[in-house]
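Here the numbering used here is used: the first residue of the sequence shown is 246, the next is one more, and so on. Heads up: the structure comes next, in structure tokens.
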Amino acid sequence: MAINRPASVYEDPALQNLLAKVPDRVKETFTEEQLSYLRNASINRQWRNHSVDLRGTIPWFKYRYYYVFIAGKNNRELSRAEQKASRIIIAVFLVGFLCVSITFGLLALYLLKSALGINLFDNFSLGIWDWFKKL
């Protein structure tokens, strides 16, 4: 599959937009090799589509502050340290999810047991059923 590229790096629209912000005396000092690297860097830095993309500004007295919140699938290659951190974070969330799930499961079983009038120990109650009935 062939990639459509301009005949000269000078004809590239992305590079022309970038160079439009550079003074003429500086523009003339760039070699074609430097311009091609600038073009590649500017293309790689452009924002891609994200599943969540919230941007806006907040006026505060005489200043305006901007915020950006983007989220989406990470397609980058992760470094070894990032992979390790990712595994640790996933493990922590998994353990937390299991703890919360088990807690709610046991609570549901306890409420079901109490609703059916089953007493495992005579004259002993945690008081959860009485609290639940009051709600």
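Cβ coordinates follow ideal geometry from the N, Cα and C atoms, glycine included.
**Request:** Note down the Cα distance separating residue 349 from residue 357, rounded to an integer number of angstroms.
**Result:** The sequence position of residue 349 within the sequence shown is 104, counting from 1. The sequence position of residue 357 within the sequence shown is 112, counting from 1. Rounded to whole angstroms, the gap between the alpha carbons of residue 349 and residue 357 is 12 Å.
**Request:** Write down the C-beta distance between residue 260 and residue 284 rounded to the nearest angstrom, noting that I regard them as a contact closer than 8 Å.
**Result:** Residue numbering aside, residue 260 sits at position 15 when the sequence shown is read from its first letter. Residue numbering aside, residue 284 sits at position 39 when the sequence shown is read from its first letter. Beta-carbon to beta-carbon, residue 260 and residue 284 are separated by about 5 Å, close enough to satisfy the 8 Å threshold.
**Request:** Could you tell me if residue 269 is buried or exposed, where buried requires 16 or more neighbouring beta carbons within 10 angstroms of its beta carbon?
**Result:** As a working note, residue 269 is residue 24 in the sequence shown. Exposed, by the Cβ-count rule.
**Request:** May I ask you to report which of helix, strand or coil DSSP gives residue 336?
**Result:** Within the sequence shown, numbered from 1, the residue matching residue 336 stands at position 91. If DSSP states are grouped into helix, strand and coil, residue 336 belongs with the helices.
**Prompt:** According to the Cβ coordinates, are residue 296 and residue 317 closer than 8 Å?
**Reply:** Taking the sequence shown and counting its residues from 1, the one referred to as residue 296 is at position 51. Taking the sequence shown and counting its residues from 1, the one referred to as residue 317 is at position 72. One thing to note: residue 296 has its Cβ within 8 Å of the Cβ of residue 317.
**Prompt:** Taking the DSSP output, what are the residues bridged to residue 316?
**Reply:** Here residue 316 is taken as the residue at index 71 of the sequence shown, counted from 1. Answer is 297, bridged to residue 316.
**Item:** For residue 286 and residue 303, the rounded distance between their alpha carbons
**Value:** Within the sequence shown, the letter at position 58 stands for residue 303. Within the sequence shown, the letter at position 41 stands for residue 286. A straight line joining the alpha-carbon of residue 303 with that of residue 286 spans about 30 Å.
**Request:** Would you mind giving the Cβ-Cβ distance between residue 254 and residue 280, rounded to the nearest angstrom? I have them listed as a contact below 8 Å.
**Result:** Mapped onto the sequence shown, residue 254 falls at position 9. Mapped onto the sequence shown, residue 280 falls at position 35. So it is a contact: roughly 5 Å between Cβ atoms.
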